[in-house]
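Single-structure report; data block below.
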Amino acid sequence: MSSSSDADQYRLPTNVKPTHYDLTVKTDLDNLQFQGLVKVNLDVNTETSAITFNSSDLDLTKASIYSDALKAEQSLTSSTFDKTQERTTYQLTDKLPAGSKAELKIAFSGKLTGSMAGYYKSSWKDGDKTRFYALTQFEPTAARRAFPCWDEPLLKAKFTVTLISRADTISLSNMPAISEQSVDAVADVPAHLTEILANTQNEKWKITKFETTPPMSSYIVAFANGDFEFLESSVVMPLSGKTIPLRIYTTKDGIHQAQFALDVKKAVLPLYEKIFDVEYPLPKLDTLVAHDFDAGAMENWGLITGRTNAYLLDPKRASIQAKKQIAGTQSHEVAHMWFGNITTMEWWNYLYLNEGFATLMGEVIIPGEWYYYDFARCAVFPEWRVNSQFIIDHLSRALSLDAKLSSHPIEVDCPDANHINQIFDALSYSKAASVLRMLSYYVGEDKFLKGVSLYLKKKLFANSRTHDLWAGISEATGLNITELMENWITKVGFPVITVTEDAKGITVRQDRFLEAGLPEPKDNKTICKPFKLNAGTNGVYRVLYTPERLAQIAAEAAKENSVFSLEDRLGLISDSMALSKAGLAKLSSALTLVELLKNEKEYLVWQGIADNLAALDSTWWEHSEITDKLDKFGRALFVPLVDKLGYDYPEGEALDKSLLRKLAIGQASAAGDEGVNAELKSRFKYYLETGDDSKIPAELQSSIFAAAAKYGGRAEYDAMIKIHDNPKTPQEKIAAIRGMSSTQDESLLAETFKFISEKARDQDYDALYKRFEGNFTLGALVSATISYYSTKKDLEAVQAYFKDKDTSKYNQALAQSLDSIRARTEFIERSTEDVKEWLERYD
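Structure, rendered in structure tokens:
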């Protein structure tokens, strides 16, 4: 961690503190611009001769400050702007006395750009016409792009928002509207609004004023304006007994697909209040679905926002995966209403307190577990087995990133905006959730959640650090949680436990696990009965066995009624592949484990197998003598499943059967099975010839589109563009994008790249670095474009390319990507002969 003095240079001065913002914003969607006025009540902590706050990409015009102590208002004309720190400083003519109060008033204006940060525009097609609406995305440091403010999470204040908009639009904010009236009907226009309303003559405008918020951080302030439609419901809360209205807003082209997300919100909101034993403090909870959105979704208090594919689906055309994504996203964001919004981290190095916990609660505990609620047991989606899914979706993702030398601790130093944007990664989300899940299993879920409730109650509407959470759980359990968890949070990496055996029993040794590997342990005799460490795969570590022991464990795991649980089997697959990549075990040993599990019946185990085989195929992608045989192995595993399960989805069939069918067909197709691909192509051909998509079930849509484009030509490619431009669902659009990217025709691939730069939405593709330099997307784009390289020559070329570029906004992603290339290179050098020999023996 940096020293206090180092950190101070990136933090705002503490001479004043905001307590209340009176914010007025006028949105002009015709001209794609906004203007406003903010009045900020300040507590003056020390004698003050200058006022410094955050602003960026705003034109600040008139400014003044009134001092209660001086009983005078002074105009502010002398200012400086620090572009790097995104700060404006006004010099005061008369100093403000310590202990006094003041009101700062600033007029400002800005443009509604497509930046997907601050207050920005989003577009949609209304027939042949492109229409716009405006919304905010402030996390982590973009509130300053919408209005002048103290844009740090510790500096909580109350906000009273007033939005001025054209009369035929809808305005939204964190709180409910308390009044709305035509500008023409305002008898006495307040003096501070005169300039803003000066150019509204002869047009119909309205003023919408919203209730004042509780104390909150700037990054969860939200407002929007546009031609929205909504669905609504309500829910009676278990503690307060209050009826909370619930709405989901979007444009008319998508509103018919919003019911599922609304239903999920209604189901989970009361569960959080019951479990946390803390009342939901706001009088409503809205969701706004946006066509253009950088992050997946955002937990603005009372006004959640997110992408179309994060919230919209057609129940008749939706895959199970689409439902899982939307339910997980909605539940994750609702978790933030407490964990992040009521109680907020002091600074961004504690981001994981928000995101790790929302991931665990929103995607595992709430959707999948049973709770006593209103004297009855209920659950949201218990059939999804989300705890097992967590191992694939989050634990494996976390361990993969944390195995790199360029990893960082969960609690990570992030002094400036360039660092802050980069920590929204698998460590702040997935590893943090994984160690919290481990802690929950260790102390017991009931005590864990009781400790969380104590933590929230002690920090209502306040800010917190890591040890505040540990204090709550310590109180609930009687254990020293700080001592227990310190290394998991503040240190980089995780352990690999090496198991050796002798006549006396087993011995374990702990080392840091790195994908680059450690010296391979010596083989020894195995004499014990079947056992497995890390029961339930609840621990955040890997376990290395001798090849003989792994074979014994695999044989036991493959039995019909194995003592090893589904979670155990998932952990075995994940560990064996990762350990072979690190050079701690032979890849052939991991492949033997997979081969022994060929009669597995559980979908999630097959998902784990598929993910790891895909990783091998991606690693050896330039070695056709290996990938051809890997594909043959994949066909041997998955085609029998396709033959058994078929292609149709009968109504009411078991969830796992539907998911396994989708996986098996997708894997068999990707492995080049002629029979499967012939079936998929014929289904798309029928659609091309008739316009009837009844032979393309939602679960197979992505696989059918990919196969059609890969083995087809111009007709199939043009069909993908047509579907992309007029999709029936957000998921269909994504399937079309993947289809366009699957073509093997070089001329069509060239068209795809042209499409990317000229037509695709910013959130889907990147053509220019400038589009994303202030967004979360940038780091992901860097990783996606270079991580797949796997030779020393390519590594040198990538390093040379970035050598003279400013990488400050994505240096972490770049370092991780370079680590990935090094690890892939070493994996190939170390294991090619081993995997080749195993595949030849198998063949």
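Here the UniProt record's numbering is used: position 407 in the sequence shown is 407, and no number is missing along the way.
Note that beta-carbon positions come from the ideal geometry of N, C-alpha and C, so glycine has one too.
Query	Result
As assigned by DSSP and simplified to three states, the class of R830	helix
Cut-off 7 Å between Cβ atoms - residues of its own chain near T14, not counting five sequence neighbours on either side	N45
Through-space distance from L818 to S787, alpha-carbon basis	7 Å
C-beta atoms of G739 and F705 nearer than 9 Å	yes
Contacts around A736, its chain only, beta-carbon distance under 8 Å, and the 5 residues preceding and following it disregarded	F705, M720, I721, I723, H724, P727
Option nearest V289 by Cα separation, candidates Y133, S56, D43	Y133
Distance between T359 and D126 (C-alpha atoms, nearest Å)	36 Å
Range covered by the alpha helix (DSSP H) that runs through G336	Inspection of the sequence shows that residue 336 is occupied by His rather than by Gly. Unbroken alpha helix (DSSP H) run through H336: 320 to 336.
P140 vs N421 beta-carbon contact at 9 Å	yes
Distance between beta carbons of L313 and Q389, contact taken as under 8 Å	No, Q389 and L313 are not in contact; Cβ-Cβ is about 18 Å, not under 8 Å.
Y371 - DSSP class collapsed to helix/strand/coil	Confidence is the limiting factor: at Y371 the pLDDT is only 43, short of 50, which leaves the residue's position unreliable, though a coordinate-based value still follows. Here Y371 sits in strand by DSSP.
Three-way DSSP call (helix, strand, coil) for H20 in this model	strand
M216 - DSSP class collapsed to helix/strand/coil	strand
Proximity of Y647 and L700 at Cβ, strictly below 9 Å	yes
Own chain residues within Cβ distance below 6 Å of R11, not counting five before or after	none
Sequence-distant residues of its chain with Cβ nearer than 6 Å to A335 (five each side left out)	A358, M361, G362
Identity of the residue in A98, K71, H20 nearest E47 by Cα	A98
Candidates K836, S434, S589: closest to H623 by CA position	K836
Runs of beta strand (DSSP E) lying entirely within the region 524 to 575, each at least 3 residues, in chain order	542 to 544
Cβ-Cβ distance between D568 and A557 below 9 Å	yes
Cβ neighbour criterion (16 or more within 10 Å) applied to A678	exposed
Per DSSP, cross-strand counterpart(s) of P281	Paired residue(s): none; P281 is not in a bridge.
Minimum C-alpha distance to K62 - residue among D82, L70, K39, T84	K39
D28 versus G226: straight-line alpha-carbon distance, rounded	10 Å
Rounded straight-line distance, which links the Cα of K586 to that of L637	21 Å
Buried or exposed (CB count within 10 angstroms, at least 16 for buried), Q9	exposed
Cα-Cα separation between P270 and P238, rounded to whole angstroms	6 Å
Cα-Cα separation between A578 and E515, rounded to whole angstroms	7 Å
Contact set for S56: own chain, Cβ-Cβ below 7 Å, skip 5 residues either direction	E86, R144, R145
Alpha carbon of A709 to alpha carbon of T690, nearest angstrom	18 Å
Reduced DSSP secondary structure (H/G/I, E/B, other) of N225	strand
Spatial neighbours of L839 in its chain, beta-carbon cut-off 6 Å, leaving aside the 5 residues before and after	K629
Spatial neighbours of I828 in its chain, beta-carbon cut-off 7 Å, leaving aside the 5 residues before and after	T619, W620, S790
Beta carbon of residue 846 nearer than 9 Å to that of G774	Missing from the structure shown is residue 846; the chain here goes from 1 to 843 and no further.
Proximal residues to T344 (C-beta, below 6 Å), its chain only, five neighbours per side dropped	P153, S217, N463
Beta-carbon gap between A107 and L42 smaller than 9 Å	no
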